[in-house]
DNA sequence: ATTGATATTGAGATTTAATCTCAATAATAA
DNA sequence: TTATTATTGAGATTAAATCTCAATATCAAT
Ligand SMILES: [Mn+2]
Ligand SMILES: [Mn+2]
Ligand SMILES: [Zn+2]
Ligand SMILES: [Zn+2]
């Protein structure tokens, strides 16, 4: 069951079509290891000057589909204090859940997963009789490199 | 040391001025117990038809000042998946740190604080030699009421 | 109270990521 | 091949937040 199978099956199941554009975007997303924003993906796909032309709306629409079928996950890496929203899409297929440390200086993010924290979150939710769908834990600060490069 | 003192002192220390508008916005913010968005605050302050006219930019600028001096805290209650950004300002003065459970159905939020989670976060950061500035833990799902009102 | 240097203000323009519109086109199944 | 229906991209639109700038208010020093 490859990522492509998952996508194709999802589309079929939803009565949607597997188009050239969707295939191109899927392949590009899978190939890229680092997190990319929709705008970056759009720019790069445009620069490629493929025989196929891909519009901004199609990039956004396809990333939404990839999220719906479990291949991608949208994450906002903005600091929550300034206007800037930094939306990136991560690989989700065969990539276990994790949260992020986000450097306020260089913008880099670092992944971590901590089962104890996850368990405590469940407890908190249970205490509020709250049914959890998902969560986001973001720790903002300064990465090792940005601390040494003192300002 | 009242909230007003804190604000006035902060302004003075920064070489800024304590204006009618800033005082009006401070009072309104302090009076309101529930979280409000800047746009809501702007609308309400406008409807008041005070002798004093307050512009949108001044509301945003003043909320930023209130955040800088520790009286307010900006929090994004959007679900991180849809476009909508829901920026609210919480009281921070004499309100201990907490995180939120956010209902995807009714939009209500529920506060919690869990020292164990906080401690584990410190451990995670230390493990990455990461210097923490602040964090945001948001647990999305369905509140008790919205579970019973079974859609 | 007056002055003067400087910060502040609000109207409206601008920014920006994301979404929407819609007529032309492509994908699928019969 | 054909009919049905989904998809597409250009460009318009949205909406929160910020920016611009000329007019005005603040406030410390007289
Ligand atoms: Mn990640
Ligand atoms: Mn709160
Ligand atoms: Zn860094
Ligand atoms: Zn609810």
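Protein chains in written order, with my numbering: chain A, 1 to 151; chain B, 1001 to 1151.
Glycine residues also receive a C-beta, built at the ideal position from the N, C-alpha and C atoms.
Cα-Cα separation between residue 78 of chain A and residue 110 of chain A, rounded to whole angstroms: Inter-residue distance for residue 78 of chain A and residue 110 of chain A is about 14 Å (C-alpha atoms, whole angstroms).
Nearest-angstrom Cα separation, counted from residue 68 of chain A out to residue 1089 of chain B: CA-to-CA, the gap between residue 1089 of chain B and residue 68 of chain A works out to about 31 Å.
Whether residue 65 of chain A touches residue 30 of chain A by CB criterion (9 Å): For residue 65 of chain A and residue 30 of chain A, no; Cβs fall outside 9 Å.
Residue-level contact to chain A via CB, residue 1040 of chain B, 9 Å cutoff: Nearest CB-CB separation between residue 1040 of chain B and chain A: not below the 9 Å threshold.
CB contact check: residue 1037 of chain B to chain A, cutoff 9 Å: No - not a single Cβ of chain A is within 9 Å of the one on residue 1037 of chain B.
Whole-angstrom distance between residue 99 of chain A and residue 120 of chain A, CA atom to CA atom: Approximately 15 Å, taken between the alpha carbons.
CB contact below 9 Å: residue 1030 of chain B versus chain A: The Cβ of residue 1030 of chain B sits no closer than 9 Å to any Cβ of chain A.
Members of the segment 55 to 80 of chain A near chain B, C-beta cut-off 7 Å: Those would be 74, 76, 80, in chain order.
Interface flag, residue 1014 of chain B vs chain A, CB-CB below 9 Å: No, because no Cβ of chain A sits closer than 9 Å to the Cβ of residue 1014 of chain B.
Residue 1071 of chain B beta carbon less than 9 Å from that of residue 1018 of chain B: In this structure, residue 1018 of chain B lies away from residue 1071 of chain B, with their beta-carbon atoms at least 9 Å apart.
Residue 146 of chain A to residue 104 of chain A span [Cα, whole Å]: Distance between the alpha carbons of residue 146 of chain A and residue 104 of chain A: 9 Å.
Distance between residue 122 of chain A and residue 80 of chain A (C-alpha atoms, nearest Å): Taking the Cα positions, residue 80 of chain A is about 24 Å away from residue 122 of chain A.
Cβ neighbour criterion (16 or more within 10 Å) applied to residue 1062 of chain B: So residue 1062 of chain B counts as buried.
Contact under 9 Å by Cβ, residue 1074 of chain B with residue 135 of chain A: Going by C-beta atoms, residue 1074 of chain B is not nearer than 9 Å to residue 135 of chain A.
Sheet register partners of residue 136 of chain A (DSSP bridge): Residue pairing by DSSP places residue 136 of chain A opposite B:1138 in a beta bridge.
For residue 25 of chain A and residue 57 of chain A, the rounded distance between their alpha carbons: Their Cα atoms are separated by approximately 12 Å.
Neighbour flag for residue 1027 of chain B against chain A, beta carbons, 9 Å: For residue 1027 of chain B, the answer is no, since every Cβ of chain A falls outside 9 Å of its Cβ.
CB contact flag (residue 102 of chain A, residue 60 of chain A, <9 Å): No, they are not a contact pair.
Near ligand 1: residue 98 of chain A beta-carbon under 8 Å from a heavy atom: With a cutoff of 8 Å, residue 98 of chain A counts as near ligand 1, since its C-beta is closer than that to a heavy atom of the ligand.
Heavy atom of ligand 4 within 8 Å of residue 1145 of chain B beta-carbon: Result yes, Cβ under 8 Å from ligand 4.
Residues bridged to residue 113 of chain A [DSSP beta-bridge criterion]: Beta-bridge pairing links residue 113 of chain A to no other residue.
Test item: CB-CB of residue 86 of chain A and residue 55 of chain A under 9 Å: Going by C-beta atoms, residue 86 of chain A is not nearer than 9 Å to residue 55 of chain A.
Inter-residue Cα distance where the pair is residue 1038 of chain B and residue 1010 of chain B: Residue 1038 of chain B and residue 1010 of chain B: Cα-Cα distance of roughly 21 Å.
C-alpha distance - residue 149 of chain A paired with residue 76 of chain A, whole-angstrom precision: Going from the Cα of residue 149 of chain A to the Cα of residue 76 of chain A covers about 26 Å.
Residue 31 of chain A: CB within 8 Å of a non-hydrogen atom of ligand 4: Relative to ligand 4, even the nearest heavy atom lies 8 Å or more away from the CB of residue 31 of chain A.
Distance between residue 53 of chain A and residue 21 of chain A (C-alpha atoms, nearest Å): Spanning the two alpha carbons is a distance of roughly 8 Å.
Residue 1154 of chain B: CB within 8 Å of a non-hydrogen atom of ligand 4: Residue numbering for chain B in the displayed model covers 1001 to 1151; residue 1154 of chain B lies beyond these limits and cannot be assessed.
Alpha-carbon to alpha-carbon, residue 45 of chain A and residue 51 of chain A: Cα to Cα, the separation comes out at about 11 Å.
Rounded C-alpha distance that separates residue 118 of chain A from residue 1032 of chain B: Straight-line Cα distance between these residues: approximately 34 Å.
Proximal residues of chain A, C-beta to C-beta of residue 1141 of chain B below 9 Å: Simply 125, 130, 131, 132, 133, 134, 135.
Residues near residue 4 of chain A in its chain [Cβ-Cβ closer than 6 Å; skip 5 each side]: Excluding residues up to 5 positions away in sequence, nothing lies with its Cβ nearer than 6 Å to the Cβ of residue 4 of chain A in the same chain.
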